[in-house]
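Worksheet for the structure shown next.
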Amino acid sequence: MSKLRYRARQELAISSYFTVFDAVSRRFFTCSSEEAETFLNQDNCFFCQAGDSNSDSHQTFQGVYPSQTIMAPNRLYLVLTRKCNLRCKMCYNGAGQALENEMTTEDWKKVLDEMHRVGVFEARLTGGEPTMRPDFLEILDYAIELGFYTSLASNGVWTDELTHEICKRQIDDVIISLDGPKKINDNFRPGGSYDQTVATISRLKAAGIPKVRINTVLSRLNYQSVEPLLALCQQLDLLLIDFIHPRPFGRGANEEVQKQMLTAAETLEFNRLVEGWRKKYPKAKVVMDFDLLSTENLPAHPIVPRIHACPAGREFAFVSPQGNVFPCEVAPVQKMELLTDLEKSLFVAGNLLEESLLKIWHESPTWQNYRQLKSCKPEKCFSCQYWTKKCFGTCPIGAYFATGKLNGEDPYCFVDLLGEKNDH
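All residue numbers for the sequence shown refer to this note's numbering, where the first residue is 108 and numbers rise by one.
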């Protein structure tokens, strides 16, 4: 399958067009049904199966969900394990030990097979620390063999042997976590990981991995001190650095840790710092939510362009080590037994060991909370001049734990602190 150039997927909600993934450009594009004929009649195109033999997905899909809903998620995050070799203080899922009954190698291969069949374009391997699974390379190879846009999210703390093996493979995108210069990072991520992580990044770049980038979690402990990471991005010619706001889940739920999370005013202060750093390091691309001071609009990912709002439940979904499907990495699904019935209905869409991906994607009522914008965005987002341009609005799950409502206001939003001239 990996030798086929195109994979075409008919969008059931708007049946007059197709989404096509081009294995050469590593991007997807949309086209009309007439234009798609040129792809469907070629030997180098795989036509993804839109139907689901276990349910009348087409009818249910068109009758319930908004017209912009896509037939299958563009990306699935495959959380291979909860096991991790670090104990990061703000880890949203409390990673450390593997869960009981984590899915087997064959389970994950069946998931990848179904993803390929129905037209999921990107497989992102994550955790925990995904490389901690003894079968990690086997699962990675299988995703590459099936022709997915294959990405890996990791802390980069690998053995020399593992680094050598990963660098030999054709991975599209590697996302490495780094939270500041050495002293700060190694305080955030106990285990003295900075030197090893930077060495991993350098080896990935030297191996020709096309996209290597950094994820950085912000807090009061580092937001004024992350400038060296932009210098590192520029020096190593990394794709970008993504600044992430933590949420109070997992180890982040610790009261002392929550005190280190930024206020809206501090988020504005950080954005002002970023604007200065962007001028100082013009080749270091910065991505973050609430990028209201930026002179450019939000960039589009080649697989998940973030249409209209946060892609959770709209363009992507997550699969837990035990097969549960949920909307976002910050959904509090680490301990299913502690969830209330309401929380299960909001955060757990189904389980791939029990139901098919399309049945869950098309029919689970959980998604209505994320696909109906009125359900997951506060009123102020709809009238905000920045929404869908420099910001995709409130994080519904973050809002839920701050206000008790998915469409509550996000504690990091600082638009009300801007003056009439938009702080420029």
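Backbone N, C-alpha and C define an ideal beta-carbon position, used for all residues, glycine too.
All values reported here derive from a predicted model rather than from experimental measurement.
Stretch pair the segment 182-196 + the segment 339-350: three plus CB contacts closer than 8 Å: no
Taking buried to mean at least 16 other C-beta atoms within 10 Å of its own C-beta, is residue 146 buried or exposed? buried
Can you give me the C-alpha to C-alpha distance between residue 250 and residue 212, rounded to a whole angstrom? 12 Å
Alpha carbons only, please: which of 438, 226, 110, 115 is nearest the one belonging to residue 131? 110
Go through its chain and collect everything with a Cβ distance to residue 255's Cβ below 8 Å, but skip five positions before and after it. 219, 222, 223, 227, 228, 229, 230
When the Cα atoms are used, what is the spatial distance from residue 506 to residue 514? 7 Å
What ranges does the beta strand (DSSP E) occupy inside the segment 267-298, keeping only unbroken runs of at least 3 residues that lie completely in it? 280-284
At least 3 beta-carbon pairs within less than 8 Å: the segment 373-386 vs the segment 399-407: yes
Taking the straight line between their C-alpha atoms, what separation do you get for residue 467 and residue 331? 43 Å
Would you mind working out which of 472, 355, 200 sits nearest residue 421, comparing C-alpha positions? 472
Rounded separation between residue 304 and residue 263 - CA only: 5 Å
Which residues in the same chain as residue 390 place their Cβ atom closer than 6 Å to its Cβ, once the five residues preceding and following it in sequence are excluded? 341
Residue from 242, 204, 322, 498 with nearest C-alpha to residue 442: 204
According to DSSP, residue 494 sits in a beta bridge with which residue or residues? 498
So what does DSSP say about residue 362, is it helix, strand or coil? helix
Under the rule that 16 or more other beta-carbon atoms within 10 Å means buried, what is residue 317, buried or exposed? exposed
If I measure Cβ to Cβ from residue 502 and keep anything under 6 Å in the same chain, skipping five residues before and after, which residues do I get? 517
Under the three-state reduction of DSSP, which class applies to residue 165: helix, strand or coil? Because residue 165 carries a pLDDT of 41, less than 50, the predicted location of this residue cannot be relied on, and the following value inherits that uncertainty. If DSSP states are grouped into helix, strand and coil, residue 165 belongs with the helices.
For my contact list, residue 456 and residue 433 are in at a C-beta cut-off of 8 Å; report their separation, rounded to the angstrom. 6 Å
Compute the distance between the beta-carbons of residue 276 and residue 248, then report whether it is under 9 Å. yes
Look up residue 340 in the DSSP assignment and say whether it is helix, strand or coil. helix
7 Å CB neighbourhood of residue 269 in its chain, flanking five on each side removed: 238
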